[in-house]
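K.L.:
Going by the working numbering, the first residue of the sequence shown is number 7, and it counts up by one from there.
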Amino acid sequence: MKQGNYLQGNYLRCVAEIGSFEHNLTTDLLNHLVFLQKVFMKEVNEVIQKVSGGEQPIPLWNEHDISTDADKPKILLYSLSLMFKGIQMTATTPSMRAVRFETGLIELELSNRIQCKAQPGGSSSYLKLFGKCQVDLNLALGQIVKHQVYEEAGSDFHQVAYFRTRIGLRNALQEEISGSSDKEAVLITLNRPIVFAQPVAFDRAVLFWLNYKAAYDNWNEQRLALNKDIHMATKEVVDKLPGIQQTSAQAFSTLFLQLTVNDLGICLPITNNSLVGGE
(Lines of atoms letter the chains of each structure in order from A and count residues from 1; the text may use other names and numbers.)
(Lines give C-alpha, C1' and ligand atoms only; values in the text may rest on other atoms or scores of the structure.)
Protein backbone atom coordinates (compact mmCIF):
# COMPACT_ATOMS: atom_id res chain seq x y z
CA MET A 1 0.00 0.00 0.00
CA LYS A 2 1.45 3.30 -1.03
CA GLN A 3 -1.66 5.46 -0.81
CA GLY A 4 -2.16 7.95 2.01
CA ASN A 5 0.00 9.00 4.95
CA TYR A 6 1.11 6.26 7.33
CA LEU A 7 1.18 6.77 11.07
CA GLN A 8 4.75 6.30 12.27
CA GLY A 9 5.62 4.01 15.15
CA ASN A 10 5.60 0.35 16.09
CA TYR A 11 2.97 -1.83 14.43
CA LEU A 12 2.07 -5.48 13.99
CA ARG A 13 3.00 -6.95 10.62
CA CYS A 14 1.41 -10.27 9.62
CA VAL A 15 1.88 -12.17 6.36
CA ALA A 16 -0.10 -15.32 5.59
CA GLU A 17 0.26 -17.60 2.58
CA ILE A 18 -2.42 -20.16 1.73
CA GLY A 19 -2.08 -22.86 -0.88
CA SER A 20 -4.46 -23.54 -3.74
CA PHE A 21 -7.90 -25.08 -3.30
CA GLU A 22 -9.52 -27.44 -5.81
CA HIS A 23 -12.92 -29.08 -5.59
CA ASN A 24 -15.31 -30.88 -7.94
CA LEU A 25 -19.02 -30.37 -7.35
CA THR A 26 -21.33 -33.04 -8.79
CA THR A 27 -25.11 -33.24 -8.84
CA ASP A 28 -24.99 -36.20 -6.43
CA LEU A 29 -23.40 -33.97 -3.81
CA LEU A 30 -26.67 -32.09 -3.32
CA ASN A 31 -28.32 -35.29 -2.12
CA HIS A 32 -25.54 -35.82 0.42
CA LEU A 33 -26.00 -32.27 1.71
CA VAL A 34 -29.54 -33.10 2.83
CA PHE A 35 -28.27 -35.89 5.07
CA LEU A 36 -25.40 -33.73 6.29
CA GLN A 37 -27.74 -30.87 7.17
CA LYS A 38 -30.06 -33.14 9.13
CA VAL A 39 -27.29 -34.76 11.15
CA PHE A 40 -25.37 -31.52 11.68
CA MET A 41 -28.37 -29.51 12.89
CA LYS A 42 -29.40 -32.31 15.22
CA GLU A 43 -25.96 -32.56 16.81
CA VAL A 44 -25.54 -28.79 17.13
CA ASN A 45 -28.96 -28.31 18.72
CA GLU A 46 -28.28 -31.07 21.24
CA VAL A 47 -24.97 -29.52 22.23
CA ILE A 48 -26.44 -26.02 22.56
CA GLN A 49 -29.35 -27.32 24.62
CA LYS A 50 -26.96 -28.99 27.05
CA VAL A 51 -24.78 -25.91 27.31
CA SER A 52 -27.63 -23.41 27.64
CA GLY A 53 -29.78 -25.60 29.87
CA GLY A 54 -28.22 -24.34 33.09
CA GLU A 55 -28.41 -21.00 34.82
CA GLN A 56 -27.97 -17.71 33.07
CA PRO A 57 -24.34 -16.73 32.56
CA ILE A 58 -22.82 -14.43 35.13
CA PRO A 59 -20.80 -11.51 33.71
CA LEU A 60 -17.17 -11.37 34.74
CA TRP A 61 -17.33 -7.61 35.26
CA ASN A 62 -19.92 -4.94 35.78
CA GLU A 63 -20.39 -2.39 33.05
CA HIS A 64 -20.67 0.35 35.68
CA ASP A 65 -17.26 -0.56 37.09
CA ILE A 66 -15.46 0.26 33.87
CA SER A 67 -12.99 3.08 34.32
CA THR A 68 -14.02 6.39 32.81
CA ASP A 69 -10.50 7.65 32.38
CA ALA A 70 -10.37 10.49 29.88
CA ASP A 71 -7.10 9.25 28.43
CA LYS A 72 -7.64 7.37 25.19
CA PRO A 73 -6.25 3.82 25.10
CA LYS A 74 -3.32 3.17 22.85
CA ILE A 75 -4.45 1.79 19.50
CA LEU A 76 -2.79 -1.33 18.15
CA LEU A 77 -1.50 -0.58 14.68
CA TYR A 78 -1.37 -3.48 12.27
CA SER A 79 -0.74 -4.33 8.65
CA LEU A 80 -2.03 -7.68 7.38
CA SER A 81 -1.16 -9.33 4.07
CA LEU A 82 -2.90 -12.46 2.80
CA MET A 83 -1.80 -14.34 -0.31
CA PHE A 84 -4.03 -17.13 -1.58
CA LYS A 85 -2.53 -19.15 -4.44
CA GLY A 86 -5.88 -19.74 -6.09
CA ILE A 87 -9.27 -21.42 -6.12
CA GLN A 88 -10.59 -23.89 -8.67
CA MET A 89 -14.14 -25.21 -8.39
CA THR A 90 -15.70 -27.36 -11.11
CA ALA A 91 -19.39 -28.25 -11.30
CA THR A 92 -19.97 -31.30 -13.47
CA THR A 93 -22.97 -33.23 -14.80
CA PRO A 94 -23.17 -36.99 -15.55
CA SER A 95 -22.56 -36.18 -19.23
CA MET A 96 -19.28 -34.46 -18.22
CA ARG A 97 -20.46 -30.97 -19.07
CA ALA A 98 -18.90 -28.58 -16.62
CA VAL A 99 -18.68 -25.02 -15.38
CA ARG A 100 -15.33 -24.10 -13.89
CA PHE A 101 -14.58 -21.12 -11.66
CA GLU A 102 -10.91 -20.45 -11.07
CA THR A 103 -8.79 -17.62 -9.80
CA GLY A 104 -5.17 -16.70 -9.94
CA LEU A 105 -3.15 -15.37 -7.05
CA ILE A 106 -5.40 -13.52 -4.59
CA GLU A 107 -3.70 -10.68 -2.75
CA LEU A 108 -5.45 -9.02 0.19
CA GLU A 109 -4.03 -6.21 2.32
CA LEU A 110 -5.53 -4.59 5.42
CA SER A 111 -4.03 -1.82 7.50
CA ASN A 112 -5.20 0.77 10.02
CA ARG A 113 -2.03 2.86 9.76
CA ILE A 114 -3.58 5.28 7.27
CA GLN A 115 -3.82 8.71 8.87
CA CYS A 116 -6.63 10.86 7.47
CA LYS A 117 -7.20 14.57 7.82
CA ALA A 118 -10.20 15.44 9.90
CA GLN A 119 -12.94 17.82 8.85
CA PRO A 120 -13.03 21.38 10.25
CA GLY A 121 -14.29 21.41 13.80
CA GLY A 122 -13.09 17.88 14.56
CA SER A 123 -9.87 16.42 15.89
CA SER A 124 -6.57 16.88 14.12
CA SER A 125 -6.52 13.45 12.46
CA TYR A 126 -7.91 9.97 12.79
CA LEU A 127 -7.11 6.44 11.68
CA LYS A 128 -8.99 4.64 8.94
CA LEU A 129 -9.01 0.99 7.97
CA PHE A 130 -7.67 0.64 4.45
CA GLY A 131 -8.21 -2.53 2.42
CA LYS A 132 -6.99 -3.57 -1.00
CA CYS A 133 -7.61 -6.75 -2.99
CA GLN A 134 -6.60 -7.93 -6.45
CA VAL A 135 -7.51 -11.19 -8.17
CA ASP A 136 -7.59 -12.71 -11.65
CA LEU A 137 -10.70 -14.78 -12.22
CA ASN A 138 -12.04 -16.97 -15.00
CA LEU A 139 -15.54 -18.45 -15.30
CA ALA A 140 -15.78 -21.00 -18.12
CA LEU A 141 -18.30 -23.42 -19.62
CA GLY A 142 -16.99 -26.49 -21.36
CA GLN A 143 -16.67 -30.24 -21.67
CA ILE A 144 -14.41 -32.53 -19.65
CA VAL A 145 -12.67 -35.03 -21.95
CA LYS A 146 -10.82 -37.96 -20.42
CA HIS A 147 -7.80 -39.50 -22.08
CA GLN A 148 -8.93 -42.64 -23.90
CA VAL A 149 -5.59 -44.47 -23.69
CA TYR A 150 -3.80 -43.22 -20.58
CA GLU A 151 -6.32 -42.68 -17.79
CA GLU A 152 -3.57 -41.63 -15.40
CA ALA A 153 -2.92 -38.64 -17.66
CA GLY A 154 -6.02 -37.02 -16.23
CA SER A 155 -8.66 -35.13 -18.18
CA ASP A 156 -8.77 -31.99 -20.28
CA PHE A 157 -11.26 -29.18 -19.98
CA HIS A 158 -12.32 -27.86 -23.39
CA GLN A 159 -13.82 -24.40 -23.07
CA VAL A 160 -16.66 -23.24 -25.30
CA ALA A 161 -17.38 -20.02 -23.42
CA TYR A 162 -15.62 -18.01 -20.75
CA PHE A 163 -15.49 -14.72 -18.91
CA ARG A 164 -12.15 -13.56 -17.56
CA THR A 165 -10.92 -10.37 -16.00
CA ARG A 166 -8.73 -8.90 -13.28
CA ILE A 167 -10.63 -7.33 -10.41
CA GLY A 168 -9.16 -4.66 -8.18
CA LEU A 169 -10.99 -3.61 -5.03
CA ARG A 170 -10.11 -0.99 -2.45
CA ASN A 171 -11.77 1.62 -0.29
CA ALA A 172 -11.15 5.27 -1.10
CA LEU A 173 -9.06 7.52 1.10
CA GLN A 174 -10.68 10.50 2.77
CA GLU A 175 -8.96 13.01 0.49
CA GLU A 176 -10.49 11.17 -2.49
CA ILE A 177 -14.02 11.74 -1.17
CA SER A 178 -15.64 15.14 -1.28
CA GLY A 179 -18.01 16.06 1.50
CA SER A 180 -18.39 15.00 5.12
CA SER A 181 -16.26 12.40 6.86
CA ASP A 182 -19.16 9.97 7.31
CA LYS A 183 -18.99 8.96 3.65
CA GLU A 184 -17.28 5.80 2.49
CA ALA A 185 -16.48 4.75 -1.07
CA VAL A 186 -15.44 1.40 -2.52
CA LEU A 187 -13.53 1.55 -5.80
CA ILE A 188 -13.97 -1.49 -8.07
CA THR A 189 -11.85 -1.84 -11.21
CA LEU A 190 -12.27 -4.42 -13.97
CA ASN A 191 -9.19 -4.65 -16.17
CA ARG A 192 -9.71 -6.13 -19.64
CA PRO A 193 -12.92 -8.11 -19.05
CA ILE A 194 -13.32 -10.55 -21.96
CA VAL A 195 -16.46 -12.46 -22.90
CA PHE A 196 -16.13 -15.34 -25.39
CA ALA A 197 -18.91 -17.72 -26.45
CA GLN A 198 -19.13 -20.18 -29.32
CA PRO A 199 -22.55 -20.95 -30.85
CA VAL A 200 -22.65 -24.38 -29.23
CA ALA A 201 -22.14 -22.79 -25.80
CA PHE A 202 -25.74 -21.63 -25.53
CA ASP A 203 -27.13 -25.15 -26.04
CA ARG A 204 -24.68 -26.62 -23.54
CA ALA A 205 -25.51 -23.93 -21.01
CA VAL A 206 -29.21 -24.81 -21.20
CA LEU A 207 -28.50 -28.54 -20.79
CA PHE A 208 -26.17 -27.86 -17.88
CA TRP A 209 -28.84 -25.73 -16.19
CA LEU A 210 -31.52 -28.40 -16.66
CA ASN A 211 -29.30 -31.06 -15.05
CA TYR A 212 -28.56 -28.96 -12.00
CA LYS A 213 -32.11 -27.63 -11.76
CA ALA A 214 -33.52 -31.16 -11.50
CA ALA A 215 -31.00 -32.06 -8.79
CA TYR A 216 -31.61 -28.78 -6.98
CA ASP A 217 -35.40 -29.18 -7.02
CA ASN A 218 -35.07 -32.66 -5.53
CA TRP A 219 -32.66 -31.38 -2.89
CA ASN A 220 -34.86 -28.38 -2.08
CA GLU A 221 -37.95 -30.59 -1.69
CA GLN A 222 -36.19 -32.80 0.84
CA ARG A 223 -34.69 -29.81 2.61
CA LEU A 224 -38.09 -28.17 3.05
CA ALA A 225 -39.32 -31.35 4.72
CA LEU A 226 -36.66 -30.83 7.39
CA ASN A 227 -37.46 -27.17 7.98
CA LYS A 228 -40.25 -27.85 10.47
CA ASP A 229 -38.12 -30.06 12.70
CA ILE A 230 -35.12 -27.75 12.45
CA HIS A 231 -37.24 -24.68 13.14
CA MET A 232 -38.77 -26.17 16.29
CA ALA A 233 -35.41 -27.37 17.62
CA THR A 234 -33.76 -24.04 16.90
CA LYS A 235 -36.62 -22.12 18.52
CA GLU A 236 -36.19 -24.10 21.74
CA VAL A 237 -32.51 -23.19 21.80
CA VAL A 238 -33.05 -19.51 21.01
CA ASP A 239 -35.65 -19.15 23.75
CA LYS A 240 -33.09 -20.31 26.32
CA LEU A 241 -30.42 -17.85 25.25
CA PRO A 242 -30.16 -14.54 27.15
CA GLY A 243 -31.52 -11.51 25.38
CA ILE A 244 -29.08 -9.18 23.67
CA GLN A 245 -29.43 -5.58 24.74
CA GLN A 246 -29.29 -3.23 21.81
CA THR A 247 -27.28 -0.06 22.00
CA SER A 248 -29.24 3.17 21.97
CA ALA A 249 -26.86 5.12 19.76
CA GLN A 250 -26.23 3.98 16.22
CA ALA A 251 -23.79 5.40 13.71
CA PHE A 252 -24.92 5.90 10.14
CA SER A 253 -22.77 6.52 7.12
CA THR A 254 -23.17 6.65 3.36
CA LEU A 255 -21.48 4.06 1.16
CA PHE A 256 -20.72 4.73 -2.51
CA LEU A 257 -19.65 2.13 -5.07
CA GLN A 258 -17.59 3.20 -8.07
CA LEU A 259 -17.07 0.77 -10.95
CA THR A 260 -14.39 1.37 -13.58
CA VAL A 261 -14.10 -0.89 -16.64
CA ASN A 262 -10.91 -0.76 -18.69
CA ASP A 263 -10.85 -2.24 -22.21
CA LEU A 264 -13.97 -4.42 -22.55
CA GLY A 265 -13.84 -7.25 -25.12
CA ILE A 266 -16.71 -9.40 -26.47
CA CYS A 267 -16.23 -12.18 -29.04
CA LEU A 268 -19.12 -14.22 -30.48
CA PRO A 269 -17.82 -16.29 -33.43
CA ILE A 270 -20.35 -17.62 -35.92
CA THR A 271 -18.52 -20.93 -36.43
CA ASN A 272 -17.09 -23.54 -34.06
CA ASN A 273 -13.66 -23.68 -35.68
CA SER A 274 -12.02 -21.69 -32.88
CA LEU A 275 -10.43 -23.96 -30.30
CA VAL A 276 -10.02 -22.51 -26.85
CA GLY A 277 -9.41 -25.67 -24.86
CA GLY A 278 -5.82 -24.72 -24.14
CA GLU A 279 -6.59 -21.20 -23.00
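A virtual CB, placed ideally from N, CA and C, is assigned to each residue, including glycine.
Tell me the DSSP secondary structure of V155 in three-state form.
P.N.:
For the purposes of this step, residue 155 is identified with residue 149 of the sequence shown, where counting begins at 1. V155: coil per DSSP, three-state reduction.
K.L.:
So, for V21: in the same chain, excluding its five sequence neighbours on each side, which residues have a beta-carbon less than 6 Å away from its beta-carbon?
P.N.:
Here residue 21 corresponds to residue number 15 of the sequence shown, with the count starting at 1. Beyond the five residues adjoining it in sequence on each side, V21 comes within less than 6 Å, by CB distance, of S87 in the same chain, given in chain order.
K.L.:
Tell me the DSSP secondary structure of A22 in three-state form.
P.N.:
Numbered from its first residue, the sequence shown carries residue 22 at position 16. Note: A22 maps to strand in three-state DSSP.
K.L.:
Helix, strand or coil: which one does DSSP assign to N177?
P.N.:
Translated into the one-based positions of the sequence shown, residue 177 becomes position 171. Look at N177 here: in three-state DSSP terms it is strand.
K.L.:
Identify, in the order they occur along the chain, each residue of the same chain with its Cβ nearer than 6 Å to the Cβ of L265, setting aside the five sequence neighbours on each side.
P.N.:
Taking the sequence shown and counting its residues from 1, one reaches residue 265 at position 259. I194, listed in sequence order.
K.L.:
Determine the direct distance from the alpha carbon of T98 to that of L83, and round the result to whole angstroms.
P.N.:
The residue given as residue 83 occupies position 77 in the sequence shown. The residue given as residue 98 occupies position 92 in the sequence shown. Spanning the two alpha carbons is a distance of roughly 46 Å.
K.L.:
At the level of alpha carbons, what is the spacing between A167 and E49?
P.N.:
In the sequence shown, counting from the first residue as 1, residue 167 sits at position 161. In the sequence shown, counting from the first residue as 1, residue 49 sits at position 43. Going from the Cα of A167 to the Cα of E49 covers about 43 Å.
K.L.:
Please report how far the alpha carbon of L31 lies from the alpha carbon of T260, in whole angstroms.
P.N.:
As a working note, residue 31 is residue 25 in the sequence shown. As a working note, residue 260 is residue 254 in the sequence shown. L31 and T260: Cα-Cα distance of roughly 39 Å.
K.L.:
Return the chain-ordered list of same chain residues with a C-beta closer than 7 Å to the C-beta of R19, the five sequence neighbours on each side being excluded.
P.N.:
Along the sequence shown, one-based indexing puts residue 19 at 13. So the qualifying residues of the chain are S85.
K.L.:
Going along the chain, which residues of its own chain have a beta-carbon closer than 6 Å to the beta-carbon of V192, five neighbours each way excluded?
P.N.:
On the sequence shown, residue 192 is found 186 positions in, with the first residue counted as 1. Answer for V192: N177 and L263, listed in chain order.
K.L.:
Can you tell me whether L297 is buried or exposed, with buried defined as 16 or more other CB within 10 angstroms of its CB?
P.N.:
There is no way to answer for residue 297, as the model of the chain reaches only from 7 to 285.
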